[in-house]
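Chemist:
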Amino acid sequence: MAIKVTMPRLSDTMTEGTVATWLKKVGDKISEGDILAEIETDKATMEFESFNEGTLLHIGIQAGETAPVDSLLAIIGNEGEDISALLAGGDAPAAEAPKAESKETPAAEEKTETPAPAAKAATELPKGVIVVTMPRLSDTMTEGTVATWLKKVGDAVAEGDILAEIETDKATMEFESFNAGTLLYIGIQEGNTAPVDSLLAIIGPAGTDISGIADNYTAGGTATASAPATEEKAAPAAEKATETVAETSNGGRILASPLAKKIASDKGIQLTQVKGSGENGRIVKSDIENFTPAAQAQPAATATAAAPKADAAPAAPKVFVPAGEVFTEEIKNSQMRKIIAKRLAESLFTAPHYNLVIEVSMDDAMASRATINTVPDTKVSFNDMVIKACALALKKHPKINSQWKEDAIIINHHVNIGVAVAVEDGLVVPVLKFTDAMSLSQIGASVRDLAGRAKNKKLGPQEMEGSTFTVSNLGMFGITEFNSIINQPNSAILSVGAIVEKPVVKNGQIVIGNTMMLSLACDHRTIDGATGAQFLQTLKQYIESPVTMLA
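So the sequence shown is numbered by the numbering used here: it starts at 3 and just counts up by one.
1. Should Ile514 be labelled buried (16 or more other beta-carbon atoms within 10 Å of its own) or exposed?
2. Using the DSSP secondary-structure output, state which residues sit across from Ser363 in a beta bridge.
3. What would DSSP say about Thr543, mapped onto helix, strand or coil?
4. Based on DSSP bridge pairs, tell me the residues matched to Ala523.
5. Quick check on Val449: does DSSP put it in helix, strand or coil?
6. Taking the beta strand (DSSP E) that Ile205 belongs to, which residues open and close that run?
7. For the alpha helix (DSSP H) that contains Leu89, what are its first and last residues?
8. For Val359 and Ile545, I'd like the C-alpha separation in whole angstroms.
9. Quick one, are the C-beta atoms of Ser474 and Ser486 less than 8 Å apart?
10. Provide the residue(s) that pair with His399 in DSSP beta bridges, ordered along the chain.
11. From what residue to what residue does the beta strand (DSSP E) around Glu145 run?
12. Work out the CA separation of Gln64 and Met89 for me, nearest whole Å.
13. Quick one: residues in its chain with C-beta nearer than 6 Å to the C-beta of Ala453, no 5 flanking neighbours on either side, listed in chain order?
14. Could you compute how far the alpha carbon of His60 sits from the alpha carbon of Gly82?
15. Using DSSP with H/G/I as helix, E/B as strand and the rest coil, what is Gly189?
16. Looking only at C-alpha atoms, which of Gly209, Trp151, Ser179 sits nearest to Gly193?
17. Measuring alpha carbon to alpha carbon, tell me which residue in Trp406, Asn414, Ile488 is nearest Ala421.
18. For the candidate residues Gln405, Phe436, Ala410, Asp427, whose alpha-carbon lies nearest to that of Val417?
19. Less than 8 Å between the beta carbons of Gly534 and Met519, yes or no?
20. Does the separation of the CB atoms of Met57 and Ile32 fall below 8 Å?
21. Excluding the five sequence neighbours on either side, which residues of its own chain have a C-beta within less than 8 Å of the C-beta of Asn335, listed in chain order?
22. Distance check for Ala439 and Ile389, CA to CA, integer angstroms please.
23. Can you list, in chain order, the residues of its chain with a C-beta nearer than 7 Å to that of Asp365? Leave out the 5 residues immediately preceding and following it.
24. Could you give the distance in angstroms between the alpha-carbon of Lys542 and the alpha-carbon of Thr550?
25. Should the region 400-413 be regarded as contacting the region 439-450, the criterion being three or more beta carbon pairs within less than 8 Å?
26. Does the separation of the CB atoms of Ile419 and Phe537 fall below 8 Å?
27. Let's see if you can read the secondary structure: which residues bound the alpha helix (DSSP H) around Glu291?
28. Assuming Thr174 contacts Met338 (C-beta within less than 8 Å), just tell me the rounded distance between them.
29. Give me, in chain order, the residues of the same chain whose beta-carbon lies closer than 7 Å to that of His526; leave out the 5 immediate sequence neighbours on both sides.
30. Mark Thr224 as exposed unless 16 or more other C-beta atoms lie within 10 angstroms of its C-beta, in which case mark it buried.
31. In whole angstroms, give me the CA-to-CA distance for Ala203 and Ala553.
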């Protein structure tokens, strides 16, 4: 029996989606878990998998077209099955999809009331020419800065090639091409900043005359203008997609079905630790269900090994300063630095901060860590122990795990801990989802993996979103105590200092002990002093006696 597949809601704010690429064509056999298409949402381009088996009988939204959530996307059924009744129940343009491709485009144009400038742009675009715009690489990104162009005008571009490195409000990320051709035009030069959807580049056949396209380009006309070229190349793109994904998977991109991602997130499993059994190493549902922690050793070791390579880059030569002369140097602010300045200023001046400081004994924690690390393929740091203790303490004190809104306080009963990581251009905060459900060894492997990829600019936007609490540790630099600015919308951030050996009083005697200072910065709008103090007491108990974390 034929089944209607509708445009999915792939994010909580999504109202419509654009089909970027179809990876299957009418007549193809579909298995459960196969990727049907790549769909652009308001946050990212995501793979959409089939939850049904059969033959793809109809495509309702062509590549490059945009449609509201729940619109008819496709029909899957038995080969040769009559689907006229299903088409009659849908939109009229969708019913015309089985006709020749040359008649599909006019139908779509009649249905969509395209503004006159966009329609004009569509007629002016030469065949095969694609307009590439500044992508939205995070949910909060409004503009981006081109850090580096990795291709120049005249270079051949293949699907999956990295075009440029783009600075967002969260990180510097590689931007890959989803089209093949020749780079005909660069719209935003290195170091320049432009809003999302601005003209970034033009790709097309070598020698194509693109005069006037850049001057007449307006944001919003791209989808209409590029749709015909995308439709003509939909089938070849589907054929190449598998190869492209295989290449990018070796460069850090993780291939996993949405269902596998959801199950892994629920179980607190890092996808980098799972070996995929699907096509081109793609992670599927069964891989997550059959995953055992023993598979962690190799990815963790790889991430750890990658970090020294990044650090091994030759240091920039020091600037010579003549004695007795005034000398200044101006360094242009990166997009990340601008956003860090903006966000932290907003946090400090809008949230009434106060700090609570507590000293904890680390003697038992040091003995416990030494014992844990005798287990083969296990490496746990003191920071991992602090993160685990925070996760358990937050479950007991959910008011700390909150965020302020003008009309309400949101209490988060899930625990997602952000871990502050210093990178070359500033600071990023990768997030450990459902930290309370993770073991110490899982936390350790995940933090090393995320930190390594953060320094190599391989983190995805989704890996830096959704934190409910943040931990910042400067103990490795010998800092004994410091106060942090709250990472909003969190209500608190914990600052972790170095472990110090010093005289302490135990049982009325002065002995040598090891202590560590913890400072909790709280938003007074959501957390009262007594609430913060109670949280620190619980945290102290867990850290000073790690065995209590097993209770």
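The C-beta atom is built at its ideal place from N, Cα and C for all residues, glycine as well.
Modeler: Short version:
1. Indexing the sequence shown from 1 puts residue 514 at position 512. Ile514 comes out exposed.
2. Along the sequence shown, read from residue 1 onward, the residue named residue 363 stands at position 361. Beta-bridge pairing links Ser363 to Thr517.
3. Position 541 of the sequence shown, counted from the first residue, corresponds to residue 543. Residue identity differs from the one stated: residue 543 is Gln in this sequence, not Thr. Three-state DSSP puts Gln543 in a helix.
4. By 1-based counting over the sequence shown, the position of residue 523 is 521. Ala523 pairs with Asn357, Ile495.
5. Position 447 of the sequence shown, counting from 1, holds the residue named residue 449. Residue state, collapsed to three classes: helix.
6. For this step, residue 205 is matched to residue 203 along the sequence shown. Ile205 -> beta strand (DSSP E) spans 201-206.
7. Position 87 of the sequence shown, counting from 1, holds the residue named residue 89. Leu89 -> alpha helix (DSSP H) spans 86-90.
8. As a first step, residue 359 is located in the sequence shown; it is residue number 357 there, counting from the start. As a first step, residue 545 is located in the sequence shown; it is residue number 543 there, counting from the start. Rounded to whole angstroms, Val359 to Ile545 spans 15 Å at the Cα level.
9. Here residue 474 is taken as the residue at index 472 of the sequence shown, counted from 1. Here residue 486 is taken as the residue at index 484 of the sequence shown, counted from 1. Their beta carbons are under 8 Å apart, which means Ser474 touches Ser486 by this criterion.
10. For this step, residue 399 is matched to residue 397 along the sequence shown. In DSSP, His399 forms no bridge with anything.
11. For the purposes of this step, residue 145 is taken as residue 143 along the sequence shown, with counting starting at 1. For Glu145, the enclosing beta strand (DSSP E) covers residues 145-151.
12. Position 87 of the sequence shown, counting from 1, holds the residue named residue 89. Position 62 of the sequence shown, counting from 1, holds the residue named residue 64. Rather than Met, the amino acid found at residue 89 in this sequence is Leu. Leu89 and Gln64: Cα-Cα distance of roughly 16 Å.
13. Taking the first residue of the sequence shown as position 1, residue 453 is located at position 451. By the criterion of a C-beta distance shorter than 6 Å, Ala453 is surrounded in its chain by Val423, once the five residues flanking it on both sides are discounted.
14. Counted from its first residue, the sequence shown places residue 60 at position 58. Counted from its first residue, the sequence shown places residue 82 at position 80. Rounded to the nearest angstrom, the two C-alpha atoms are 11 Å apart.
15. Position 187 of the sequence shown, counting from 1, holds the residue named residue 189. Residue state, collapsed to three classes: coil.
16. To locate residue 193, count along the sequence shown from 1; it is residue 191. For the residues Gly209, Trp151, Ser179, the minimum Cα distance to Gly193 belongs to Trp151.
17. Stepping through the sequence shown from its first residue, residue 421 is reached at position 419. Here the sequence assigns Val to residue 421, which means Ala is not the residue at that position. The shortest C-alpha separation from Val421 is found at Ile488.
18. Residue 417 sits at position 415 when you count from the first residue of the sequence shown. When each option's Cα is compared against that of Val417, the closest is Phe436.
19. Position 532 of the sequence shown, counted from the start, is the residue given in the question as residue 534. Position 517 of the sequence shown, counted from the start, is the residue given in the question as residue 519. Their beta carbons are not under 8 Å apart, which means Gly534 does not touch Met519 by this criterion.
20. Working through the sequence shown from its first residue, we reach residue 57 at position 55. Working through the sequence shown from its first residue, we reach residue 32 at position 30. A small correction: the amino acid at residue 57 is Thr; Met does not occupy that position in the sequence shown. Yes, the Cβ-Cβ distance between Thr57 and Ile32 is below 8 Å.
21. For the purposes of this step, residue 335 is taken as the residue at position 333 of the sequence shown. So the list reads Ala343, once near-sequence residues are dropped.
22. Position 387 of the sequence shown, counted from the first residue, corresponds to residue 389. Position 437 of the sequence shown, counted from the first residue, corresponds to residue 439. Roughly 12 Å separates the two Cα atoms.
23. The residue you call residue 365 lines up with position 363 of the sequence shown. Taken in chain order, the residues that qualify are Gly515, Asn516.
24. Taking the first residue of the sequence shown as position 1, residue 542 is located at position 540. Taking the first residue of the sequence shown as position 1, residue 550 is located at position 548. The alpha-carbon atoms of Lys542 and Thr550 are separated by roughly 11 Å.
25. no
26. Taking the first residue of the sequence shown as position 1, residue 419 is located at position 417. Taking the first residue of the sequence shown as position 1, residue 537 is located at position 535. Not a contact, by the Cβ cut-off of 8 Å.
27. Counted from its first residue, the sequence shown places residue 291 at position 289. Its alpha helix (DSSP H) spans residues 287-291.
28. Position 172 of the sequence shown, counted from the first residue, corresponds to residue 174. Position 336 of the sequence shown, counted from the first residue, corresponds to residue 338. Met338 and Thr174 do touch by the CB rule: their CB atoms are close to 7 Å apart, below 8 Å.
29. Looking up residue 526 in the sequence shown gives position 524. Pro354, Tyr356.
30. Walking along the sequence shown from the start, residue 224 turns up at place 222. Residue placement at Thr224 cannot be trusted, given a pLDDT of 41 that sits under 50; what the coordinates show is reported in the next sentence. Buried is the call here.
31. In the sequence shown, the residue the question calls residue 203 occupies position 201. In the sequence shown, the residue the question calls residue 553 occupies position 551. One C-alpha to the other measures close to 57 Å.
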